[in-house]
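Enquirer: Structure provided below as structure tokens; questions to follow.
Numbering (this note's numbering), first residue to last: 109 to 195.
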């Protein structure tokens, strides 16, 4: 006999406004997309799906966060990077 599957709370596996903002802040701090997504409990693939779903405005903010990290010379693997040295 199989056990019934229990559903996780929506916030566990779905993007919320708070997760999206925390993700963008992580990008601005120099995290890679993968590391920023992991930081909020999501995957890199789901982050790119979110970017496509939310459209141009979100994509612009995402790109600005990455540019901010570059301007501040925050590099992955540094004090705030993900330690792998890749983006």
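Built from N, CA and C at the ideal position, the CB exists for glycine as well.
How about residue 148 and residue 127: are their beta carbons less than 8 Å apart?
Expert: Contact flag set, yes.
Enquirer: Residues in the same chain with beta-carbon distance under 6 Å from residue 177, minus the five sequence neighbours each way, listed in chain order, please.
Expert: The answer, listed in chain order, is 136 and 138.
Enquirer: Could you compute how far the alpha carbon of residue 169 sits from the alpha carbon of residue 132?
Expert: Computed Cα separation, rounded: 8 Å.
Enquirer: DSSP state of residue 153, grouped into three classes?
Expert: Residue 153 falls in the helix class under three-state DSSP.
Enquirer: So for residue 181, helix, strand or coil by DSSP?
Expert: In the structure shown, residue 181 sits in coil (DSSP, three-state: anything other than H, G, I, E or B).
Enquirer: Does the Cβ-Cβ distance between residue 155 and residue 143 come in under 8 Å?
Expert: No, they are not a contact pair.
Enquirer: Which two residues bound the contiguous alpha helix (DSSP H) that contains residue 142?
Expert: From DSSP, the alpha helix (DSSP H) with residue 142 extends over 141-147.
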